[in-house]
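Written below as structure tokens is the structure these notes are about.
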Amino acid sequence: MKKTLLIFTFVFMLAALFTGTALAQDSTPPTDNEVNAIAKQLYCPVCESTPLDVCPTEACKDWREQIRTMLAEGKTEDEILQHFVDQYGDRVMAEPPAKGFNWIIYLLPPIIILIGAIILFRSLKEWTTPKVVAAGSSVENEAGEASTPKDEYLSKFEEELKKRK
Amino acid sequence: MLAEFGYGVLVVTFLVTIYSVIAAYYGARTKSTKLVESARRAMLLTFPLISVSAATLIYLLVNNHYEVSFVYEVTSRSMPTYLKITAWWGGQSGSLVFWAFLLSGFTSAVTLRKWDRDIEFLPWVIVVCGITVTFFLGLVVFYENPFTRFWQVAGGVEPSMFAPIAGAQLFTPADGRGLNPLLRHPGMVIHPPMLYLGFVSFVIPYAFAIAALITGRTDDRWIRLTRRWTLWAWLFLSFGLVLGGRWAYDVLGWGGYWGWDPVEIAAFMPWLTGTAFLHSVMIQEKRGLLKHWNMILVILTYSLVIFGTFLTRSGVLSSVHAFAESAIGPLFFIFIGVSFVAAIALLIWRWPELRGETEMKSMLSREALFLLNNLLFMGILVICFWGVIFPLISELFTGQKVTVGPPFYERATAPLFSALLFLMAIAPLSAWGHSTIQTLGRSMWKSAIAAAVVTVILFITFTQNIGALVGFTIVAFAIFITLQEFWRGARARQKTQGEGFFTALARLTSRNRRRYGGYIIHISMALMAIGILGIEIFQSETQGTLAQGEALDIAGYTVEYRELASWDNAGEGVNYTRAVVDVFKDGIYLGELNPRIDYYAEAQQNMTIPGNRSTLRDDLYVLLVDWQPVSSMGATFKIYVNPLVNWLWIGSLLFLVGILVAAWPDKDPENEPVRVTRSSRQTSAAD
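If you read the sequences in order, they're chains A and B.
Throughout the first sequence, residue numbering follows numbering that gives the first Met the number 0, covering 0 to 164 in sequence.
Throughout the second sequence, residue numbering follows numbering that gives the first Met the number 0, covering 0 to 686 in sequence.
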């Protein structure tokens, strides 16, 4: 690992020397912390649900080295993240980007929770309204529903009675 | 020979459970006590049968019968015997047998109880449990047979139960592949059985609920009968989750305990509905309300249990294709779908009979707050469920794979969890039936002031982070209120009974175990929240490559690299690389830590074991990430400081205490609040 690091640094220094442009940027290699800060936000397509900064596989090590190289080249965080998205698709990001179809994932839960809350508060309101008042006022629905089984029974009973007569 | 025997017994068990289900069904339909009794006995027979089959499997595992493909996949010669035994649940087919084994054990236990006047439930409980056992056994018998063996055929080696062509010889590999080294941790040895115990025990309340729906005995009898099952199920599930977290913290080497992995969430979802259920059944018991909702919750829990079992083992969530290719994936979905639809259909059929017996009087009553609690739990469930299945949906509709990682869940659930904590604080103060702002305010103002004082102190001395302050305030509020409840109860007892304070406290708790056990659980939840807030908000980390004698600084600690050694343990097939680092804080030497990497040659897998220095204030968690084998000079360390995380584990221990207090079988039903004569008989019977 250190070897590759050295090579990268060497290559970078050479490149810097030749172009003479990047010299003004710092010549120290990027630290592990700088690499991890970016790696933390990425997920490789193979290691499901393990962020790149802690993933122990060789492939992920390789990715971290890529980040290090790009940092050494002076790329910004956004550029590096975008590089991985371009290469491997949106799935390398910890969350789906909020666009197009993906909006569903962000919208659906709050909508369902909201509907749940509305149902809950309406039911609570209904339950906490004393039935006496409800029956007295013109809210027939509630009182009517509550006594449906009995009413059905009664009406059938009455029907039967009528038939017998 | 043994493999055929084990498989034969499985097939017989499968047939016996089918018979049991059919006999119970017709027994119930024709009101034939004989048939029902026959079904009950058949069900009782399944447990010893599966045990024999399982014992055969364990024998094969322990004695290196690598011609059996399951044995080959999960064990190897270098594994100690106890790990070979626990490898039983280390692979998919074995764990399906394990599931069926547990459920048939529980079903036997429940059919052995004295049924007295609940006898009408019996056949339907057998039907529901029997169908579930049959489903799992069917998977094992037809698709995931743990007794499948390797056969030498012309084209190579073929796995099959019986000789694929006449005269084919068994093929026995020299050694097995061995259990994934990550799973060889003690935490991983007990974590799956705990989770499974939790999963399986939730089937029992579900079976009673369905029995209640079918028989039309829609009062709260089924709830009272299964109260303890539910609590124990919840205990095992919770404990399983905590163990899983601890295992991740100790073994996975990413400095955390919970990664919002679909597999973790799969185990968490039944816990959410189960917890909501535990709360909302109290409303039905006390007030006769919410009968529909409790049915829905128990049906959901059952479906999520089956879903969770499926996910935790098969990993099919990785892609639509993996799902379609897995033989048992679609079967699981059909089973979940059919059982869910059937249960909901039953519920709709009985809907009118499940009306509430009373009405609610106030939006602030205990039952209203419990409903709010249920809403929050369901909200978290929706987020979890949606997050888990969205990648599949996205792939299905757009062909685009996406990752739904921790940031999504954390952002979405954090407000709901905070609201839950807040509710947890105030709900115990509200009264059944009726509360007002005034009554609530009167009983909470002292705790509110105390919590405010804590917040101010924290603001001055510890943090100015708003999110953290809000969190800690709610935690402090919840703890103070709960302690105040204990204090009030004990004081009241002290006055009326003339007991000493601690005697009063102990008696108060032991006489109202469900309530005060619940309060202990509330306090433990608040403590766990402290740990979670600490690690989520204040975790710091650094990484660097050090030469010997160099040090890394982090959060006041200095970690100095002293030496590193690497050696092989040929017997175990493991290479250990262990570093020694010295830890200083503000210049004071605190001791050494030994982070290490274990390399398992046969599995070609690394395990990164942290060196962890744990205090109530924070954990210093040092990982050896890499080293240079030639010189042994440079080594890369990753260091986390996880503030307050220990409170998470302390909270979980207290949680266990609380739940044991609440769930321990009653000896002394003295203070059963209502319907004393009935409930005393029930509790002894329901155990």
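Ideal Cβ placement from N, Cα and C applies to all residues, glycine included.
According to DSSP, is B:Pro672 helix, strand or coil?
-> Residue 672 of chain B sits at position 673 when you count from the first residue of the second sequence. Confidence at B:Pro672 is low in this model, with a pLDDT of 43, below 50, so the placement of that residue should be treated as unreliable; the coordinate-derived value is given next. B:Pro672 falls in the coil class under three-state DSSP.
In or out: B:Val337 buried (at least 16 other Cβ within 10 Å) or exposed?
-> The count along the second sequence starts at 1 and reaches residue 337 of chain B at position 338. The residue in question, B:Val337, is exposed, as its Cβ has fewer than 16 Cβ neighbours within 10 Å.
Given that A:Phe100 touches chain B, what residues does it touch there, using C-beta distances under 8 Å?
-> Here residue 100 of chain A refers to the residue found at position 101 of the first sequence. What A:Phe100 touches in chain B: Ser393, Phe396, Thr397 and Gln399.
Mind listing which residues of the stretch 81-93 of chain A have their C-beta closer than 8 Å to chain B's C-betas, in chain order?
-> Gly88, Asp89, Arg90, Val91, Met92 and Ala93
Shortest alpha-carbon distance to B:Phe369 belongs to which of B:Val70, B:Thr274 and B:Thr12?
-> Locating residue 369 of chain B in the second sequence gives position 370, where the first residue counts as 1. Closest option to B:Phe369, Cα to Cα, is B:Thr274.
Please decide whether B:Thr16 counts as near chain A, where near means a Cβ-Cβ distance under 8 Å.
-> Position 17 of the second sequence, counted from the first residue, corresponds to residue 16 of chain B. It does not: the Cβ of B:Thr16 has no partner Cβ on chain A nearer than 8 Å.
Give the single residue among B:Arg354, B:Val624, B:Trp150 and B:Ala489 whose Cα lies nearest to the Cα of B:Asn593.
-> Numbered from its first residue, the second sequence carries residue 593 of chain B at position 594. Measuring from the Cα of B:Asn593, the nearest candidate turns out to be B:Val624.
C-alpha gap between B:Val656 and B:Ala232, whole angstroms | Reading the second sequence from its first residue, position 657 is the one you call residue 656 of chain B. Reading the second sequence from its first residue, position 233 is the one you call residue 232 of chain B. Roughly 15 Å separates the two Cα atoms.
Just checking my contact of A:Leu119 with B:Met362 at CB under 8 Å: how many whole Å lie between their CB atoms?
-> Translated into positions along the first sequence, residue 119 of chain A becomes position 120. Translated into positions along the second sequence, residue 362 of chain B becomes position 363. Not confirmed; about 10 Å, so no contact.
Compute the Euclidean distance between the alpha carbons of B:His184 and B:Arg365, then round it to the nearest angstrom.
-> For the purposes of this step, residue 184 of chain B is identified with residue 185 of the second sequence, where counting begins at 1. For the purposes of this step, residue 365 of chain B is identified with residue 366 of the second sequence, where counting begins at 1. Cα to Cα, B:His184 sits roughly 43 Å from B:Arg365.
Using a C-beta to C-beta distance shorter than 7 Å, which residues of chain A count as neighbours of B:Leu374?
-> As a working mapping, residue 374 of chain B is identified with position 375 in the second sequence. Per Cβ cutoff of 7 Å: Gly115, Ala116 and Leu119.
Taking buried to mean at least 16 other C-beta atoms within 10 Å of its own C-beta, is B:Asn293 buried or exposed?
-> To locate residue 293 of chain B, count along the second sequence from 1; it is residue 294. B:Asn293 comes out buried.
Could you pull the start and end residues of the alpha helix (DSSP H) that B:Thr80 belongs to?
-> Here residue 80 of chain B refers to the residue found at position 81 of the second sequence. Run containing B:Thr80: Thr80 to Thr85, per the alpha helix (DSSP H) assignment.
Residues near B:Ile638 by beta carbon distance below 8 Å, same chain, minus five either side = Locating residue 638 of chain B in the second sequence gives position 639, counting from the first residue. Closer than 8 Å at Cβ, skipping near neighbours: Glu540, Thr541, Gln542, Leu551, Ile553, Tyr556, Val558, Leu619, Tyr620, Val621 and Leu622.
Taking 8 Å as the CB-CB cut-off, is B:Ile382 touching chain A?
-> Here the question's residue 382 of chain B lines up with position 383 in the second sequence. Taking Cβ atoms only, chain A reaches closer than 8 Å to B:Ile382, which makes this a yes.
Between which two residues does the beta strand (DSSP E) containing B:Leu592 stretch?
-> Translated into the one-based positions of the second sequence, residue 592 of chain B becomes position 593. From DSSP, the beta strand (DSSP E) with B:Leu592 extends over Ile587 to Leu592.
Could you tell me which chain B residues have their CB closer than 7 Å to the CB of A:Leu70, listed as they occur along the chain?
-> Here residue 70 of chain A is taken as the residue at index 71 of the first sequence, counted from 1. Here the premise fails: no neighbours, minimum Cβ distance about 14 Å.
Inter-residue spacing [alpha-carbon to alpha-carbon] between B:Leu545 and B:Tyr560 = For this step, residue 545 of chain B is matched to residue 546 along the second sequence. For this step, residue 560 of chain B is matched to residue 561 along the second sequence. Answer to the nearest angstrom: the Cα atoms are 7 Å apart.
Distance CB(B:Leu224)-CB(B:Leu345) smaller than 8 Å = The sequence position of residue 224 of chain B within the second sequence is 225, counting from 1. The sequence position of residue 345 of chain B within the second sequence is 346, counting from 1. No.
What residues match up with B:Ala247 in a beta bridge as DSSP calls it?
-> Here residue 247 of chain B refers to the residue found at position 248 when the second sequence is read from its first residue. For B:Ala247, which the question treats as bridged, DSSP gives no partner whatsoever.
Anything in chain B within Cβ reach of A:Pro29, meaning under 7 Å, just list it in chain order.
-> Taking the first residue of the first sequence as 1, we reach residue 29 of chain A at position 30. Near A:Pro29 there are no residues of chain B at all, since even the closest Cβ is about 12 Å away, more than 7 Å.
Distance between B:Leu82 and B:Tyr142 (C-alpha atoms, nearest Å) | Position 143 of the second sequence, counting from 1, holds the residue named residue 142 of chain B. Position 83 of the second sequence, counting from 1, holds the residue named residue 82 of chain B. For B:Tyr142 and B:Leu82, the distance between alpha carbons rounds to 25 Å.
Taking 8 Å as the CB-CB cut-off, is A:Leu106 touching chain B?
-> Walking along the first sequence from the start, residue 106 of chain A turns up at place 107. Answer no: the Cβ-Cβ gap between A:Leu106 and chain B never drops below 8 Å.
List the whole-angstrom C-beta distance separating B:Val127 from B:Ala41, where the pair is believed to meet the contact cut-off of C-beta under 8 Å.
-> Residue 127 of chain B sits at position 128 when you count from the first residue of the second sequence. Residue 41 of chain B sits at position 42 when you count from the first residue of the second sequence. 15 Å between Cβ atoms; not a contact.
Decide if the stretch 407-423 of chain B is in contact with the stretch 298-305 of chain B; the criterion is three or more beta carbon pairs, one per stretch, under 8 Å apart.
-> no
Could you check the C-alpha separation between B:Ala600 and B:Val152 for me, to the nearest Å?
-> Stepping through the second sequence from its first residue, residue 600 of chain B is reached at position 601. Stepping through the second sequence from its first residue, residue 152 of chain B is reached at position 153. Cα to Cα, the separation comes out at about 30 Å.
With DSSP run on the structure shown, which of helix, strand or coil describes B:Trp626?
-> Residue mapping note: residue 626 of chain B aligns to position 627 of the second sequence, counting from 1. Three-state result, B:Trp626: strand.
DSSP state of A:Val132, grouped into three classes?
-> For the purposes of this step, residue 132 of chain A is taken as residue 133 along the first sequence, with counting starting at 1. Residue placement at A:Val132 is flagged as unreliable, the pLDDT there being 42, under the threshold of 50; the coordinate-derived value follows with that caveat. A:Val132 falls in the helix class under three-state DSSP.
Using a Cβ cut-off of 9 Å, which residues of the stretch 270-289 of chain B contact any Cβ in chain A, in chain order?
-> Leu288
Contact under 8 Å by Cβ, B:Phe146 with B:Phe170 | Within the second sequence, the letter at position 147 stands for residue 146 of chain B. Within the second sequence, the letter at position 171 stands for residue 170 of chain B. Taking 8 Å as the Cβ cut-off, B:Phe146 and B:Phe170 do not qualify as a contacting pair.
Nearest-angstrom Cα separation, counted from A:Ala58 out to A:Val84 | Your numbering for residue 84 of chain A matches position 85 in the first sequence. Your numbering for residue 58 of chain A matches position 59 in the first sequence. Rounded to whole angstroms, A:Val84 to A:Ala58 spans 16 Å at the Cα level.
Counting only beta-carbon atoms, is A:Ile112 nearer than 8 Å to chain B?
-> Here the question's residue 112 of chain A lines up with position 113 in the first sequence. Chain B, which has a Cβ nearer than 8 Å to the Cβ of A:Ile112, makes this yes.
Just tell me which of B:Ser200, B:Val61 and B:Gly570 has its CA closest to the CA of B:Leu234.
-> The count along the second sequence starts at 1 and reaches residue 234 of chain B at position 235. Measuring from the Cα of B:Leu234, the nearest candidate turns out to be B:Ser200.
Could you tell me whether any Cβ in chain A is nearer than 8 Å to the Cβ of B:Asn63?
-> As a position in the second sequence, residue 63 of chain B is number 64, starting the count at 1. It does not: the Cβ of B:Asn63 has no partner Cβ on chain A nearer than 8 Å.
Please find out if some non-hydrogen atom of the ligand MN comes closer than 7 Å to the beta-carbon of B:Ala23.
-> Within the structure as shown, the ligand MN is missing, as the structure has no ligands at all.
So, is the C-beta of B:Met377 closer than 8 Å to a C-beta in chain A?
-> Translated into positions along the second sequence, residue 377 of chain B becomes position 378. Yes, B:Met377 counts as interfacial toward chain A.
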